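Residue 1 is where the sequence shown starts when you use our numbering, and the numbers rise one by one after that. We treat Cβ as the ideally placed atom computed from N, Cα and C, and that holds for glycine. Quantities reported herein were computed from a predicted structural model and do not represent experimental measurements.
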Amino acid sequence: MRGRGALGLSPLRDLRALSAGDWIATGPDPALTLGPAAAVAALSGRTVRIRCRPEGASPVLVVEAEGMETRRYRLTPHAAEPGTDDLIRLPAATRALQIEPGSERFRLDAVAVEPVGRAAAGLFRARKIVERLPAQERRPLRLLRRALGLLRTVPPSEILRRLTRAAATAAPPALYADWIAAVEVPSLPSAETMRRLVEALPDRPTFSVLMAAGAGDGARVGASLASLQAQIYPDWELCLATQAPSPSADEPRLRPCIPDGQGETAALQACLAAARGTHIAVLEPGAVLAPPALLAFARRLAAEPDLDGLYADEDRLGPDGARTDPYFKPDWSPETLEAGFYLGRPTFYRTDRVRAVGGFRPECAGALDYDLALRLAEDGARIGHIAQVLCHRPAGAALDDAAALRALEARVARTGGTGEARRLAEGSYALRRALPERPLVSIVIPTAGRDSLIGQNRVNLLDNCLASIRTRTRYDAIEIVVVEHGVLPEPAKAAMTRHGARGVVYADPAFHFAAKMNLGARTASGEVLVFLNDDIEVITPDWIEAMLALLAIPGVGVVGPKLVFEDGSLQHVGVVFGEGFPNHVRRGFPGDDAGDHGSSLANRNYLAVTGACMMVRRADFEAVQGFDETYPVNYNDIDLCLRLRERSLRVVYCAEARLHHYESRNRIPVVDPSEQARFRRRWGAQVARDPYYPAVFGVRPPAFRLDAERFPQAARGMVEAWR
């Protein structure tokens, strides 16, 4: 089994050969198998190098082994040659290797699988990492300096672990059906358990479900009613305004409502007027509540009786009734709400609060409950989140974008300002408030004045950064403070003079980001501070206005922009936490990536943003004594965000502010173990669960994608929720 190409390729299912290497799918699940079985078994427990040359396919290697769940690996395109090239450790007792093409018609040839030893595997991983680096980062001296820097600060075992992870072949996202089977089904309490939980409730709210239905919605209304009748929790009513016959005349909890007028608004207003429950929610015909839904809402309201609103996760029902398109939602996120109606359904509100704000407004027909949520948020409503999929909505149900934009513009008018709302994509919006004032913004830039390659040109980074600020930034009330060591190269000194930057000298030659930034902030005059790396280049001229508009919202403490690499791919669209440490979500995705339900496309709340570019009010910065100087290199930006959050200030990613960041895409961060340990001691408990990044998503890397490795943790969390 040491010869190349010892395994043969043959169709397993749903495939027909067109010619040598060319295939066409004949069913929904095409796959090829590698064999013979004895040759596959001989590779068990070994590290193998697998290569192939696909055309029109994105192949996934499927590994089956005795006593283990099936593993999947998305084969990786070679950086310099046609085809894929991967190194994979096969588990013991491997019994089958399959390739799923991921397309209906494709070509696949030059398939080769061979075992490799430790030395060859190490060289392969190193080559993989080097090939992914930009050209200027591949130079031997640059690589040597980086390696020495790592060895001074990181244990060899940790370096090996990071290298292995960096070069590893990625598994494709887990399927939603896998999540249902592995997390949801085992976690659901039995009917008897749910009955005991109902009896144990100290107070039982009554839930009024409001529904407006047309003449052709009879079957859909029946499905929704059946899901309510299947609830173990008994205290509910369906307030139904419909032109169709009643679906169940003998259901006493069904309350027909007669609208005073035409249209959805009149129908829902009639339902709201008739509702006798303590809490109301809007559902569309055909929406189906999960069996434990109302009990989950009742238990949470019993535990937190001061909640004014409560929402849960949801998914969609396909034409065949299959559950698809799950939406695992963040916890309460005011700025995310302005970017789209992420609360969705089901969301239960206190009935008296809904009536107090006037119920449903005809101006926003098509986005009535979005408009309602915005008004309740302005009214100080306290909103909670249940991290369970409790509603299955009909496929295709969506807001009317024009109505949603009217709701957003009305929000600005009600809060005493002016602004413009525009559509970014279906269900995703940008709301830009006009600036109430134009404060002086101090841009603080630490620098060593070094040169670097951008494209094929060697440039001085500070000069490039300053030039982009002065020539592309529309906002004029700015000052630039450069923090340097007093030994800047002449090109950097000349750039400071040419672009009107004020210098301040940090005398200690050792790199200390936190101390430099604090010094720059003390020297600056602005009411607003922007901390900016010298390897940043402005793209959008209104980047400062976009960030200031968010910072002006009461309760917002830090704003960070979208940063893209030199090739246009994403570098920063927010920071999430996994395994106790921060990481950039969707790093390396295409620059036009929309993200998960608009997470990259629109503004969004996160726990932190990167210090490569962040905006903060001086008063808030000084209130927490600036950057913590016990974090000289790492975590100082994250720590600042978390300390401001302790003061009830929110962190916002600003999607409309876009800048280049000429950081190496694939650098292995040099993290001082003492800083890492200090961060874990200080923040480990608080970030063990990221409220803006659900536990079912992967963290290596974080990308809002289901990860089977995280399923056991997610299942434990759901089990705990029912105790």
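Strand pairing of residue i, partner residues [DSSP]
i: Glu646; result: Beta-bridge pairing links Glu646 to no other residue.
i: Lys562; result: Arg658
i: Trp236; result: Phe207
i: Pro77; result: Thr84
i: Cys391; result: Leu289 and Glu314
i: Gly384; result: Leu310
i: Ser600; result: Answer is none; Ser600 lacks a bridge partner.
i: Ala212; result: Ala241
i: Glu537; result: His660
i: Ala425; result: Ser428
Reduced DSSP secondary structure (H/G/I, E/B, other) of residue i
i: Asp86; result: strand
i: Tyr342; result: coil
i: Cys52; result: strand
i: Gln713; result: helix
i: Leu431; result: strand
i: Arg72; result: strand
i: Val719; result: helix
i: Cys613; result: strand
i: Ala25; result: strand
i: Gln231; result: coil
i: Arg107; result: strand
i: Ile480; result: strand
i: Thr418; result: coil
i: Thr447; result: coil
i: Leu18; result: strand
i: Leu399; result: coil
i: Ile469; result: helix
i: Phe297; result: helix
i: Gln729; result: Absent from the model: residue 729. The displayed extent of the chain is 1 to 723, so no value can be given.
i: Gln98; result: strand
i: Ala322; result: coil
Beta-carbon separation (whole angstroms), residue i vs residue j, contact threshold 8 angstroms
i: Ile50; j: Asp86; result: 5 angstroms
i: Leu343; j: Leu268; result: The pair is not a contact, with the Cβ atoms about 16 angstroms apart (cut-off 8 angstroms).
i: Leu15; j: Pro30; result: 5 angstroms
i: Val482; j: Gly500; result: Not confirmed; about 11 angstroms, so no contact.
i: Ser44; j: Leu90; result: 6 angstroms
i: His279; j: Tyr349; result: 6 angstroms
i: Asn636; j: Ala514; result: 4 angstroms
i: Leu644; j: Gln686; result: Contact doesn't hold; Cβ gap of about 13 angstroms is too wide.
i: Ala492; j: Gly449; result: 3 angstroms
Classification of residue i by the beta-carbon crowding that lies within 10 angstroms, buried from 16 upward
i: Phe341; result: buried
i: Gln231; result: buried
i: Gln243; result: exposed
i: Asn634; result: buried
i: Ile258; result: exposed
i: Arg118; result: exposed
i: Gln571; result: buried
i: Arg474; result: exposed
i: Ala17; result: exposed
i: Asp535; result: buried
i: Gln388; result: buried
i: Asp250; result: exposed
Cutoff 7 angstroms; reference residue i; Cβ partners in own chain excluding five residues on either side
i: Ala398; result: Glu426 and Gly427
i: Gly222; result: Pro247
i: Asp202; result: The sequence shown places Pro at residue 202, rather than the Asp named in the question. Taken in chain order, the residues that qualify are Ala302.
i: Arg382; result: Asp306, Leu307 and Asp308
i: Glu720; result: none
i: Gly733; result: No statement about residue 733 is possible, as the shown extent of the chain runs from 1 to 723 and does not include it.
i: Phe621; result: Ala521 and Leu529
i: Arg283; result: Correcting the residue type first, residue 283 is Leu in the shown sequence and not Arg. These residues qualify, in order along the chain: Val209, Met211, Ser224, Arg345 and Pro346.
Any non-hydrogen atom of the ligand NAP closer than 8 angstroms to residue i Cβ
i: Arg422; result: The ligand NAP is absent from the structure shown, which contains no ligand whatsoever.
Own chain, CB closer than 8 angstroms to residue i, minus 5 neighbours either side, in chain order
i: Glu378; result: Arg411, Arg414 and Thr415
i: Gln713; result: Ala695
i: Glu479; result: Leu440, Val441, Ser442, Ile443, Arg502, Ala524, Ser525 and Gly526
i: Ala623; result: Arg647
i: Ala395; result: Arg316, Leu317, Gly318, Pro319, Thr324 and Asp325
i: Thr94; result: Val40, Ala41, Leu43, Ser44, Gly45, Val63, Glu64 and Ala65
i: Ala731; result: Residue 731 lies beyond the range of the chain shown here (1 to 723); nothing can be said about it.
Neighbourhood of residue i by C-beta distance below 6 angstroms, restricted to the same chain and skipping five residues each side
i: Met547; result: Val559, Met615, Cys654 and Ala657
i: Gly555; result: Arg650
i: Ala290; result: Leu390
i: Glu420; result: Arg432
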